[in-house]
Amino acid sequence: MKLNKLHYTVEDGIAVVQLDYPTNLNAIDEEMADELLYVVQAAEADESVKVVVFKGLPRAFSAGGDIGYFYQLIKAGGDVNMDGLIGKVGKVTDGLKKMSKMVIASVSGAAAGAGASLALTADFIICSENAKFIMAFVNLGLVPDTGGSYLLVKQLGPKRAMDICATGRPVSAQEAKDLGIVYRIVPNDALDEETMKFAKKLAAGPIISYKNIKRQIYAAAFAEYQHYLENIEVPCQRECARTQDFAEGVCAFMEKRRPHFTGQ
């Protein structure tokens with residue numbers, strides 16, 4: 123598959139997935155979702171791959187969804203149907219959770235919306251001091267997707283997950299570390315070096331043990347994940363995407379003004 127928004131390389135047992143679409147700060151649209159799904163499947167099938175690293179741009183790991191695309195559809199009078207996109211990103215995150223290899227997210231700058239959810243999917247997050255995690259969906263009148271609500275509840279419990287999802291507030295690198303979301307914070311200019319150092323350490327470790335630890339943890343904590351993605355996340359987002367509040371949230375974001383939500 124030709125990759126237009128990602129780079130995928132494998133060296134010394136480490137697969138590196140570089141999100142690289144600066145035009146919209148690595149927003150995850152259907153094309154990127156297809157590419158992410160492809161590399162997840164490729165890494166899992168490649169016996170030479172022992173560890174997978176996801177990284178973004180210095181300014182942003184990923185800004186989430188392609189709000190500009192939604193804005194164009196809304197202004198043209200069209201409906202926004204996210205079912206296909208949400209189904210694909212759900213397969214990406216479930217694939218990473220089921221993956222037999224360790225997964226590291228190397229986060230610099232903003233990880234917002236689906237980008238935050240993608241980072242949360244990793245087994246380890248190493249981030250720079252300027253990193254921030256934002257469940258920004260509510261600011262558009264949406265619900266977290268890409269598994270975001272499920273992952274936060276499992277990692278933090280329902281009360282803290284509610285705080286982060288319902289307020290859409292930025293979570294700093296230090297707060298994320300204190301909450302146990304982030305494994306390690308490093309200086310901005312040391313992120314790549316420190317991420318690869320840790321990846322190499324994992325790649326030299328007991329790979330079969332790692333594989334089975336992941337299998338145990340998935341069974342203990344994520345056995346209902348696929349059911350949640352298909353039967354809760356997709357219909358919830360479908361309902362929200364049909365509202366006037368969603369259209370207002372998108373327009374307000376693009377027009378750089380406060381949204382006026384009406385609950386319709």
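Numbered per the working numbering, the sequence shown finishes at 386, counting up by one with no gaps. Each residue gets a CB set at the ideal place from its N, CA and C atoms; glycine is no exception.
In this structure, how does DSSP classify residue i when only helix, strand and coil are distinguished?
i, result
"Lys276", "helix"
"Ile226", "strand"
"His349", "helix"
"Ala253", "coil"
"Glu370", "helix"
"Val265", "coil"
"Glu133", "strand"
"Phe383", "coil"
"Leu125", "coil"
"Gly360", "Looking at the sequence provided, one finds Arg at residue 360 rather than Gly. Note: Arg360 maps to helix in three-state DSSP."
"Lys378", "coil"
With a threshold of 16 other CB atoms inside 10 Å of the CB of residue i, please say whether the residue is buried or exposed.
i, result
"Thr384", "exposed"
"Gly212", "buried"
"Met204", "buried"
"Asn334", "exposed"
"Gln386", "exposed"
"Glu377", "exposed"
"Asn353", "exposed"
"Gln359", "buried"
"Thr243", "buried"
"Asp267", "buried"
"Lys336", "buried"
"Gly279", "exposed"
"Asn261", "buried"
"Asp311", "exposed"
"Thr131", "exposed"
"Asp201", "exposed"
"Gly199", "exposed"
"Thr215", "buried"
"Asn403", "Only positions 123 to 386 of the chain appear in the structure, and residue 403 is not among them; the question remains open."
"Glu361", "exposed"
"Gly371", "buried"
"Ala283", "buried"
"Gly263", "buried"
"Gly269", "buried"
"Asp245", "buried"
"Lys323", "exposed"
Which residues does DSSP pair with residue i in a beta bridge?
i, result
"Phe246", "Ile226"
"Val138", "Thr131 and Val175"
"Ala234", "Ile256"
Complete beta strand (DSSP E) runs within the segment 141-218 (minimum length 3 residues, chain order) = Fully enclosed beta strand (DSSP E) runs of 3 or longer: 173-177 and 182-184.
Which ranges would you report for the alpha helix (DSSP H) in the segment 285-358 if only whole runs of at least 4 residues count?
Runs of the alpha helix (DSSP H) lying entirely within the segment 285-358, each at least 4 residues long, are 295-301, 313-325, 329-343 and 347-350 in chain order.
- request: Check whether the segment 320-334 touches the segment 260-277, counting contact only when three or more Cβ pairs, one atom from each stretch, lie closer than 8 angstroms.
  value: Contact between the segment 320-334 and the segment 260-277 is absent: fewer than 3 CB-CB pairs across the two stretches fall below 8 angstroms.
If we count Cβ pairs, one from each stretch, closer than 8 angstroms, do we get three or more for the segment 220-228 versus the segment 251-258? No: the two stretches stay apart, fewer than three of their Cβ pairs being nearer than 8 angstroms.
Evaluate contact between the segment 181-189 and the segment 341-355, counting only Cβ atoms and requiring at least three cross-stretch pairs below 8 angstroms.
No, the segment 181-189 is not in contact with the segment 341-355.
Using 8 angstroms as the threshold, is the segment 314-325 in touch with the segment 274-289, meaning 3 or more CB pairs across them?
Three or more Cβ pairs closer than 8 angstroms define a contact, and the segment 314-325 falls short of that threshold against the segment 274-289.
**Request:** Pair every Cβ in the segment 182-198 with every Cβ in the segment 233-240, then say whether three or more of these pairs are closer than 8 angstroms.
**Result:** The answer is yes - the segment 233-240 touches the segment 182-198, with three or more Cβ pairs under 8 angstroms.
Margin query: Quick test of the definition: if touching needs 3 or more C-beta pairs under 8 angstroms, does the segment 142-151 touch the segment 186-203?
Written below: Yes, the segment 142-151 is in contact with the segment 186-203.
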